[in-house]
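Here the sequence shown stands for residues 15 to 171, numbered as in this note's numbering.
Glycine residues also receive a C-beta, built at the ideal position from the N, C-alpha and C atoms.
Here is the structure we will look at, set down as structure tokens.
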Amino acid sequence: MTRTKASSTSSTASPQSSNTIQASSSSSMDMPQTTSTSPNNDSVHLVNCAGSDEYSVVVYCADDLNCDFPPSSSNYIQVGTGDEYYTWEQQNQSVTFSTGVTFNWTINSDGNTAPNYTPQGSGSNGFKPFTCYKDDQHLMYNDDQGNKCDSVYYCVQ
Numbered sequence: 015m016t017r018t019k020a021s022s023t024s025s026t027a028s029p030q031s032s033n034t035i036q037a038s039s040s041s042s043m044d045m046p047q048t049t050s051t052s053p054n055n056d057s058v059h060l061v062n063c064a065g066s067d068e069y070s071v072v073v074y075c076a077d078d079l080n081c082d083f084p085p086s087s088s089n090y091i092q093v094g095t096g097d098e099y100y101t102w103e104q105q106n107q108s109v110t111f112s113t114g115v116t117f118n119w120t121i122n123s124d125g126n127t128a129p130n131y132t133p134q135g136s137g138s139n140g141f142k143p144f145t146c147y148k149d150d151q152h153l154m155y156n157d158d159q160g161n162k163c164d165s166v167y168y169c170v171q
């Protein structure tokens with residue numbers, strides 16, 4: 015499977031509940047997307063960024079085959095607290111993008127030790143199901159602060 019790279023800027027997110035994060039800005043009703051093997055090619059990447067800061071983001075790509083640029087502010091949400099990576103390997107996690115679309119996901123507790131490109135969980139945007147795979151932690155993009163952002167998991171239809 016070929017993986018692509020993308021770029022991004024950061025966005026402020028605020029907790030909606032203990033397991034849901036909501037973006038603070040608003041935009042269109044389309045959900046952010048990422049690389050995919052699905053006919054629609056939309057995807058969601060669970061990403062860790064490192065450099066001067068360490069943080070995690072959920073990135074949506076409308077066309078995963080063309081996701082080699084920084085996501086727009088409506089296509090990503092920072093999760094967890096700043097200065098540390100989010101623990102992706104949990105049950106029943108979700109984010110609500112500024113578009114109003116909520117993406118829910120579950121990653122197996124031992125997903126981080128699985129081989130790359132193997133199914134490690136599932137997700138849904140309320141319209142269609144996604145399967146989440148462990149990624150090879152390739153560079154997706156550099157943020158505007160010079161941090162390198164790597165795809166840890168990707169979810170596709």
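Taking DSSP as the reference, what is the three-state secondary structure of G137? Look at G137 here: in three-state DSSP terms it is strand.
Using 8 angstroms for Cβ pairs, my map puts A64 next to N161. What's the rounded Cβ distance? Between A64 and N161 the beta-carbon gap is near 6 angstroms, inside 8 angstroms, which marks them as a contact.
Apart from the five residues on each side of it in sequence, which residues of its chain come closer than 7 angstroms, Cβ to Cβ, to N55? Cβ within range, chain order: D77, D78 and L79.
Straight-line Cα distance separating Y69 from G94: If I take the Cα positions, the gap works out to 8 angstroms.
Distance, N130 Cα to Y74 Cα: Looking at the two C-alpha atoms, the distance is approximately 20 angstroms.
F111 and S88: beta carbons closer than 8 angstroms? With respect to the 8 angstroms criterion, F111 and S88 are classified as neighbours on the basis of their beta carbons.
Mapping the DSSP letters down to three states, classify N55 as helix, strand or coil. The answer is coil: DSSP assigns N55 none of H, G, I, E or B.
According to DSSP, L60 sits in a beta bridge with which residue or residues? Bridge partners of L60: V72 and Y167.
What residue range does the beta strand (DSSP E) around C146 cover? P143 to K148 is the span of the beta strand (DSSP E), which, as asked, contains C146.
C-alpha gap between Y147 and D157, whole angstroms: Here the C-alpha atom of Y147 lies approximately 23 angstroms from the C-alpha atom of D157.
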